[in-house]
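Since the structure comes first, as structure tokens, the remarks are kept for the end.
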Amino acid sequence: MTSLDHLIKLLSSLPGIGRKSASRIAHYILKKEKAYAETLARQIVQVKEKIRACSVCGNYTELDPCSICSDPGRDRSVICVVEQPQDVQTIEDTNEFRGLFHVLGGAISPIDGIGPRELTFDKLRERVGKDQIKEIIIATNPTVEGDTTALYVVKLFSEKGITLTRLASGIPVGGDLEYADKITLARSLKGRVPYSF
Ligand SMILES: [Zn+2]
198 MTSLDHLIKL LSSLPGIGRK SASRIAHYIL KKEKAYAETL ARQIVQVKEK
248 IRACSVCGNY TELDPCSICS DPGRDRSVIC VVEQPQDVQT IEDTNEFRGL
298 FHVLGGAISP IDGIGPRELT FDKLRERVGK DQIKEIIIAT NPTVEGDTTA
348 LYVVKLFSEK GITLTRLASG IPVGGDLEYA DKITLARSLK GRVPYSF
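Counting along the sequence shown from 1, when you hit position 101 you're at 298 in our numbering, and nothing is skipped either side.
See the structure below:
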């Protein structure tokens, strides 16, 4: 296998990149000056070295705690529960939310061996117990796993005197939060509805 073949194979293992795109990217890199390839390679290594999970919320950050957790201007009575760190960015991009976040690290999926213990529910419980949380917005993905996870959050906090809300409809069912467009997500966040029991 040539080094070009090797690069194409590696690139095609990336999410959303098929063999054709991988080949196009590899040839693009080959055509560019060497400095470009060096910067690209260095940057990939640097994100692995510098970025870690925030010890409070689980968001990706270079400084711990992250800029959201350490921002005194954020509303500390509202916490938005999401599956993945990239969901934090998606919601931040709407400019519609000024509370805190909690990243679960995935969704409950028994078929993949992911139960509540594999996710950060203990930490969430600890945070809610310690801080003056009045509302939990559940922003898991509108998938079977996301819904199962949302119900688990409801079960954990329904009798704790906390308002539990979820995003209003508008996010395509079966999709990921990160693929929702900004306007839809902002509207969905603004029009969030309480869980009814
Ligand atoms: Zn944080």
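Where is the CB? At the ideal position from N, CA and C, for every residue including glycine.
For residue i, three-class secondary structure by DSSP
i       : result
Ile-334 : strand
Val-253 : coil
Ala-276 : For clarity, residue 276 is Ile in the given sequence; the question names Ala instead. Ile-276: strand per DSSP, three-state reduction.
Pro-391 : strand
Ser-210 : coil
Exposure label - residue i; buried when at least 16 CB within 10 Å
i       : result
Asn-227 : Correcting the residue type first, residue 227 is Leu in the shown sequence and not Asn. The residue in question, Leu-227, is exposed, as its Cβ has fewer than 16 Cβ neighbours within 10 Å.
Arg-239 : exposed
Ile-248 : exposed
Ala-234 : exposed
Pro-391 : exposed
Asn-338 : buried
Val-253 : buried
Cβ shell of residue i (< 8 Å), same chain only, five flanking positions each side left out
i       : result
Thr-317 : Gly-255, His-299, Val-300, Leu-301 and Gly-302
Gln-329 : Arg-273 and Ser-274
Ser-264 : Thr-258
Run of the beta strand (DSSP E) containing residue i, from where it starts to where it stops
i       : result
Leu-297 : 297-300
Leu-361 : 360-363
Span of the alpha helix (DSSP H) around residue i
i       : result
Ile-380 : 379-387
Val-285 : 282-289
Val-341 : 341-354
Thr-236 : 231-247
Gly-310 : No alpha helix (DSSP H) holds Gly-310; DSSP gives it neither H nor E.
Ile-265 : No alpha helix (DSSP H) contains Ile-265, which DSSP labels as neither H nor E.
Asp-319 : 318-327
Lys-217 : 216-228
Which listed residue (the options) has its alpha carbon closest to that of residue i
i       : options                               : result
Gly-270 : Leu-297, Gln-283, Thr-258 and Cys-277 : Leu-297
Leu-386 : Glu-375, Arg-363 and Asp-373          : Arg-363
Ser-220 : Lys-231, Lys-229, Leu-204 and Ile-311 : Leu-204
Thr-360 : Tyr-257, Lys-331, Ser-218 and Lys-327 : Lys-331
beta-carbon residue i near ligand 3 non-hydrogen atom, thresh 6 Å
i       : result
Val-253 : Ligands in the displayed structure: ligand 1; ligand 3 is not one of them.
Same chain, Cβ closer than 7 Å to residue i, five either side skipped, listed in chain order
i       : result
Glu-342 : Ala-304, Ile-305 and Ser-306
6 Å CB neighbourhood of residue i in its chain, flanking five on each side removed
i       : result
Leu-382 : Thr-291
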